[in-house]
Amino acid sequence: METTTNKKGRLPLKETWKLHKEKYLLIIPFAIIFVIFNLVPVLVAMGLSFTSFNMLEAPDFVGLANYIELLARDEVFLIAVKNTLLLAFITGPVSYLMCFIFAWLINELPPKPRAILTLIFYAPSISGNVYLIWKLIFSSDMYGFANAWLMKFGIIDSPILWFENADYILPILIVVQLWLSLGVSFLAFIAGLQTVDKSLYEAGSMDGIKNRWQELWHITLPSMKPQLMFGAVMQITNSLSVSAISMELAGFPSVDYAGHTILTHLHDFGNVRFEMGYASAIATVLFFIMLIANIVVQKMLRRVGD
0 METTTNKKGR LPLKETWKLH KEKYLLIIPF AIIFVIFNLV PVLVAMGLSF TSFNMLEAPD
60 FVGLANYIEL LARDEVFLIA VKNTLLLAFI TGPVSYLMCF IFAWLINELP PKPRAILTLI
120 FYAPSISGNV YLIWKLIFSS DMYGFANAWL MKFGIIDSPI LWFENADYIL PILIVVQLWL
180 SLGVSFLAFI AGLQTVDKSL YEAGSMDGIK NRWQELWHIT LPSMKPQLMF GAVMQITNSL
240 SVSAISMELA GFPSVDYAGH TILTHLHDFG NVRFEMGYAS AIATVLFFIM LIANIVVQKM
300 LRRVGD
């Protein structure tokens, strides 16, 4: 069947549909679910962000008032942004590297040890509230593991109030978030490493690649760019959406808002105060922060192997 292209070298929409209609028909059910449960709520939230809405009365249009209040007058939100960005800048890149390094090392093992270690590293991320063990470790009395060991070795004389002292809260949250970070990205990297064509390494050695680092940069990483992109999106999303850990460990609100994040601020106005217009403005700001971060990281990943 002959096909014609337009001036830009692309097939007309009608021709594209004829060639790929079976694929589009298979995609349609997912596309409908995605539009209804993902795209529409995002657009509705953006629209509500320009209103005052308490869920009991009709939304009242207030223009940019929510954004002005949020960015210029809401001091707690600015603290939440600082805490969120600190968590993201530390846990995002570190957890991404951890996911890849552990996946790379485990991939070299025989199948059975690889399966066991994969389960061990992945388990914390799927174990629900298992991070609450850290509340026991950093309990503020002498029976908490951290205090007990520090007192046993004579480092401290009295228990440290870990979650009552603002200086300790964010570092502890960073440690716990890193502990939980070997999740879906970790599995994606293992899957990507398994699909790298082994003949590429033989061809690379003939072309002058002399060590494992050159193999990694010029062969392994370029061969698994889709998994690297997926992992980056997941790690960015996870690092910018810390909420439950902060509320469960440090309390809500935490001391001096030391563990307050953008998502806990959203929870405050959306689920506690029911100021849905203001909460929608917070959600919109967080959405664009995630979007910008994803665009920047994806541009950086496109240079891998160059």
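If you count by numbering that gives the first Met the number 0, then the sequence shown holds residues 0 to 305, one letter each, in order.
Backbone N, C-alpha and C fix where the C-beta goes; we use that ideal spot for every residue, glycine too.
Predicted model, so just to flag it, every value in this text is computed and none were measured.
Using only the alpha-carbon positions, how far apart do residue i and residue j sit?
i	j	result
Met228	Leu265	27 Å
Ile218	Leu199	7 Å
Ile119	Glu74	41 Å
Ser48	Ala57	14 Å
Arg113	Ser222	21 Å
Arg302	Arg211	19 Å
Met0	Phe52	For Met0, the pLDDT reaches just 46, beneath the cut-off of 50, and the residue's location in the model is therefore unreliable, leaving the point undetermined.
Val271	Ile281	14 Å
Gly153	Ala147	10 Å
Phe167	Leu220	With the sequence shown as reference, residue 167 is identified as Tyr, and Phe is not the correct amino acid for it. If you take the alpha carbons of Tyr167 and Leu220, they lie about 37 Å apart.
Ile208	His19	41 Å
Glu214	Val41	42 Å
Ile132	Met150	20 Å
Val296	Met205	32 Å
Lys81	Phe36	30 Å
Leu12	Lys224	29 Å
Phe308	Glu247	No answer is possible for residue 308: the residues shown for the chain start at 0 and end at 305.
Answer yes or no: do residue i and residue j have a C-beta to C-beta separation smaller than 7 Å?
i	j	result
Ile125	Leu116	no
Gly203	Gln226	no
Leu169	Ala292	no
Leu77	Val241	no
Ala64	Phe162	no
Gly276	Thr83	no
Asn261	Leu290	Going by the sequence as given, residue 261 is Ile instead of Asn. No, the pair does not count as a contact, with Cβ atoms beyond the cut-off.
Ile311	Val175	The first residue shown for the chain is 0 and the last is 305, placing residue 311 beyond what the model contains.
Ser238	Leu177	no
Ile235	Gly91	yes
Ala71	His259	no
Which residue comes first and which comes last in the alpha helix (DSSP H) that contains residue i?
i	result
Lys17	12-33
Val39	39-47
Phe162	Where Phe162 is concerned, there is no enclosing alpha helix (DSSP H), given that its DSSP letter is neither H nor E.
Gly91	74-106
His264	261-266
Gly207	Here Gly207 belongs to no alpha helix (DSSP H), and DSSP marks it neither H nor E.
Met223	Unbroken run through Met223: none, as it is neither H nor E.
Leu68	The question names Leu, yet the displayed sequence has Glu at residue 68. Counting along the chain, Glu68 falls outside any alpha helix (DSSP H), and DSSP gives it neither H nor E.
Ser279	275-300
Met246	243-249
Arg211	211-214
Val183	183-193
Which whole-angstrom value describes the C-beta separation of residue i and residue j, a residue pair presumed to lie in contact below a C-beta threshold of 8 Å?
i	j	result
Ile136	Ala122	Not quite, the Cβ-Cβ distance comes to about 17 Å (not below 8 Å), so this is no contact.
Cys98	Phe33	No, Cys98 and Phe33 are not in contact; Cβ-Cβ is about 26 Å, not under 8 Å.
Leu181	Phe101	6 Å
Thr263	Ala44	That belief does not hold up - the Cβ atoms of Thr263 and Ala44 are roughly 17 Å apart, past 8 Å.
Leu160	Ser139	5 Å
Asp255	Ala165	4 Å
Tyr130	Leu69	In fact, because the Cβ distance is near 29 Å, the residues do not count as touching under 8 Å.
Leu300	Ala231	6 Å
Pull up the DSSP beta-bridge partners for residue i, would you.
i	result
Asp59	Ser51
Hey, is residue i's beta-carbon within less than 7 Å of any beta-carbon in chain D?
i	result
Phe286	This model lacks chain D altogether, as it is built from one protein chain only.
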